[in-house]
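K.L.:
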Amino acid sequence: MPTDDLPETFHVTTDEQLRAVSSLTRHRIMAVLRFEPATITQIADRVGLAKGSSSYHVRLLERAGLVKVVRTRKVRGVTERYYAMAARTIELPDPGEGGPDLLMRHAVADLEAAPADGERHVRMTHLRLTEDQFTQLGARLEALADEYRELSDPSLPDASLVFALFRPTPRAQSEEDAK
-19 MPTDDLPETF HVTTDEQLRA VSSLTRHRIM AVLRFEPATI TQIADRVGLA
31 KGSSSYHVRL LERAGLVKVV RTRKVRGVTE RYYAMAARTI ELPDPGEGGP
81 DLLMRHAVAD LEAAPADGER HVRMTHLRLT EDQFTQLGAR LEALADEYRE
131 LSDPSLPDAS LVFALFRPTP RAQSEEDAK
């Protein structure tokens, strides 16, 4: 299924959808389906799950509307289903103050699980920006991510890009800091 046929964004709006994306296993299944459809067996192999577990998680994602069957074929009398993402991107609701940011938690888990000897580019930088600079940087980061997403080729190895540009909660100055 060409990704041109996909809607641009799927907005997570229900508790069922939020529960579906909150699982690291289901996050990894969605990563498998990011560029091309796959069967339960293919998903299980790529994620390292038993076929039954893979089927269970895909059914939850399908019920939540996050993935869908895009093709079927008969193989030795059994109908094989190919699943794909329901949209190019999934947008989660703002977790609110103090709420867990599921995407960042999943991204950190994926980073920790990635081969330590592989090439990585991980950096945290603290900046002091005006409101305009903050807005401009956010737009540039999103445009860069969109540009490279358009260049993505399903035949190439996966790479993940995660960024977070935010203003941290101001720390109350402690007595020790004041000294």
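Numbering (our numbering) for the sequence shown: -19 to 159. Virtual Cβ for every residue (Gly too), placed ideally from N, Cα, C.
Quick check: the stretch -17 to -8 against the stretch 64 to 74, are there 3 or more CB pairs under 8 angstroms?
P.N.:
yes
K.L.:
Using only CA atoms, which one of Leu136, Ala66 and Ala96 lies nearest to Leu41?
P.N.:
Answer by Cα proximity: Ala66.
K.L.:
Could you please give me the residues that DSSP links to His37 through a beta bridge?
P.N.:
Answer is none; His37 lacks a bridge partner.
K.L.:
Does Phe146 come out as helix, strand or coil in the three-state DSSP assignment?
P.N.:
coil
K.L.:
Which residue marks the beginning of the beta strand (DSSP E) containing Met194, and which one marks its end?
P.N.:
With the chain covering -19 to 159 only, the question about residue 194 has no answer from this structure.
K.L.:
Would Glu(-4) pass as a contact of Ala44 if the rule is Cβ separation under 8 angstroms?
P.N.:
yes
K.L.:
Can you tell me which of Ala139, Asp126 and Pro(-13) puts its alpha carbon nearest to the alpha carbon of Leu46?
P.N.:
Pro(-13)
K.L.:
Out of Leu141, Thr21 and Arg14, point me to the one whose CA is closest to Val55's CA.
P.N.:
Thr21
K.L.:
Among Leu145, Ser135, Ser2 and Asp25, which one has its Cα closest to the Cα of Leu107?
P.N.:
Leu145
K.L.:
Counting pairs of beta carbons, one from the stretch 86 to 96 and one from the stretch 113 to 125, are three or more of them closer than 8 angstroms?
P.N.:
In short, these stretches do not touch, since the Cβ pair count stays below three.
K.L.:
DSSP three-state call for Val(-8): helix, strand or coil?
P.N.:
In the displayed model, Val(-8) falls within coil according to three-state DSSP, outside both helix and strand.
K.L.:
What did DSSP end up calling Ala67 once you bin it into helix, strand or coil?
P.N.:
coil
K.L.:
Among Leu141, Phe143, Arg147 and Leu(-2), which residue has its Cα nearest to the Cα of Glu111?
P.N.:
Closest option to Glu111, Cα to Cα, is Arg147.
K.L.:
Does DSSP put Val55 in a helix, in a strand, or in coil?
P.N.:
strand
K.L.:
When you compare each of Leu121, Glu130, Pro150 and Met10 to Asp90 by their alpha carbons, which one comes out closest?
P.N.:
Met10
K.L.:
Alpha carbon to alpha carbon, how far is Gly32 from Val50? Give it in angstroms, no decimals.
P.N.:
Straight-line Cα distance between these residues: approximately 20 angstroms.
K.L.:
Would you kindly check if the distance between the Cβ of Val38 and the Cβ of Arg8 is under 8 angstroms?
P.N.:
no
K.L.:
Would Phe15 pass as a contact of Pro137 if the rule is Cβ separation under 8 angstroms?
P.N.:
no
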